[in-house]
Each structure stands twice: as structure tokens, then as C-alpha cells.
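Asks: Let me begin by handing over the structure; questions about it come next.
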Amino acid sequence: MLQVIAVRRQADAMDLARRLQKKKFPAFVLSPQGNKLYRVQVGTYADQKSAEAAKKRLENAGIRAIVKHG
């Protein structure tokens, strides 16, 4: 799984997830846990290699991401 951003406003997270979906990324928003941040994530991917390839595609689209395990 890749995490793209963590923000306080749900509307900001939803907007980014929709934009990523239009670019054919499997993006979704995770509701806040203890820190009240909405997380936009992309994935899931079967293995590390697939996640790294998706990360590179995101970066080519101008979006930074980090690989999340678990």
C-alpha cells in the first residue's frame, strides 16, 4: 500500500482521492484514528516490487508517496 497524504480536512482528502482515481490509481481515504488525520492511500499491491512500480508512476504524475506495510 502507498500513502500519498495525511490531512485534517476530509474534503481535501476526498478531492485528492478522486483526482487519483481519474488517473486510474486505486485510491481511497482512511478515516482518522487517534491523530484526526484523513489518509489518502493507493493500493493494495501484491508485493514490494508492485508497490515500488506504482510509487514511481505516482511520482511521474507529480505526487509523492511512501510505501506502507501491513
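Just so you know, the working numbering puts 27 at position 27 of the sequence shown, and the rest follows in order with no gaps. Virtual Cβ for every residue (Gly too), placed ideally from N, Cα, C.
1) Alpha carbon to alpha carbon, how far is residue 1 from residue 36?
2) Quick check: does the Cβ of residue 52 come within less than 7 Å of any heavy atom belonging to the ligand FMN?
3) Touching or not, the stretch 11-18 and the stretch 46-53, by the rule of three or more beta carbon pairs under 8 Å?
4) Which two residues bound the contiguous beta strand (DSSP E) that contains residue 64?
5) Does the Cβ-Cβ distance between residue 29 and residue 4 come in under 8 Å?
Replies: Reading from the atomic positions:
1) Taking the sequence shown and counting its residues from 1, one reaches residue 1 at position 1. Taking the sequence shown and counting its residues from 1, one reaches residue 36 at position 36. When rounded, the distance between both Cα atoms is 20 Å.
2) The ligand content of the structure shown is nil, which means the ligand FMN is not present either.
3) Verdict: no, contact absent.
4) The sequence position of residue 64 within the sequence shown is 64, counting from 1. First-last for residue 64: undefined, no H or E at that position.
5) In the sequence shown, counting from the first residue as 1, residue 29 sits at position 29. In the sequence shown, counting from the first residue as 1, residue 4 sits at position 4. Contact flag unset, no.
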